[in-house]
Amino acid sequence: IAEAIGGNSWSLDMINEKISFGDETQFSFKILGSFSRTTNMWLWAWANKDVDDNDKSLHHAVELKSYGYQNNIDFLKLDSFEASNIDLHLIGLTASGLFKTTGYYIADFGTGIADQHQVQLLEVGNRFSSPGTASESGTGLGLVLCREFVEVNGGKIWLESELGVGTTFYFTLPIA
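Structure (structure tokens):
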């Protein structure tokens, strides 16, 4: 993120659902729910008893619930459920598609990536791979292909990582 926002300060406007970095860079965000890493439970914003039912920020979560009923998608209909990282990404991808967003992030809470290896991950011809949390191996092609797809479509991709904590990959795409 530091590369994308430079030295700009940031602010969060929960009422208008905006996050700003300096005066020029602003993004919308949607509050869909919350996730507890302790219990691995996802709680939809519309089911949270601490949130006012008339709260404007619930609109998108309620729309996802309606979409879940219309298309018989269980995880969009339940008030709360035990969620895996894949479930969390499915929620994000479903919301991104339904609300036609232009950016997305994918985060994990695995081994993290050492600074010296972060640049290598996105470089063509550099097939870098390291074992994951379950000692699984990769081909070293996935992120290179993601970068190619994103850039061919006029977007940007970048990552943040901390060893022992995990990695977050961000990408943006222009509105078609």
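Counting from 1, position 160 in the sequence shown corresponds to residue 230 in the working numbering; the numbering is continuous, with no gaps.
Note that the Cβ used here is the ideal one computed from N, Cα and C, for glycine as well.
None of these values were measured; they are calculated from a predicted model.
Using CA coordinates, which residue listed in the options is at the minimum distance from residue i?
| i | options | result |
| --- | --- | --- |
| residue 243 | 169, 227 and 89 | 227 |
| residue 192 | 167, 219 and 171 | 219 |
| residue 114 | 151, 217, 214 and 170 | 151 |
| residue 87 | 80, 97 and 188 | 97 |
| residue 167 | 137, 185, 79 and 144 | 137 |
| residue 169 | 99, 90, 79 and 81 | 99 |
| residue 165 | 102, 110 and 189 | 102 |
| residue 104 | 153, 140 and 89 | 153 |
| residue 111 | 144, 157, 217 and 89 | 157 |
For residue i, which residues in the same chain have their Cβ closer than 7 Å to its Cβ, ignoring the five residues on either side in sequence?
| i | result |
| --- | --- |
| residue 116 | 128, 131, 132 and 135 |
| residue 121 | 115 and 128 |
On the DSSP letters alone, give me the boundaries of the beta strand (DSSP E) that residue i sits inside.
| i | result |
| --- | --- |
| residue 91 | 88–91 |
| residue 229 | 226–232 |
Excluding sequence positions up to five away, which residues of its chain have a Cβ less than 6 Å from the Cβ of residue i?
| i | result |
| --- | --- |
| residue 85 | none |
| residue 213 | 191 and 192 |
Quick one: what's got a C-beta closer than 8 Å to residue i's C-beta in the same chain, skipping five residues either side?
| i | result |
| --- | --- |
| residue 248 | Past the edges of the chain, shown from 71 to 246, lies residue 248, and the structure says nothing about it. |
| residue 233 | 181, 182, 183 and 184 |
Based on the DSSP output, what are the partners of residue i in its beta bridges?
| i | result |
| --- | --- |
| residue 103 | 114 |
| residue 97 | 89 |
| residue 82 | 89 |
| residue 166 | Note: residue 166 sits in no beta bridge, so no partner. |
| residue 150 | 113 |
Considering just the uninterrupted stretch of the alpha helix (DSSP H) at residue i, what are its terminal residues?
| i | result |
| --- | --- |
| residue 219 | 212–222 |
| residue 185 | 185–191 |
| residue 138 | 129–140 |
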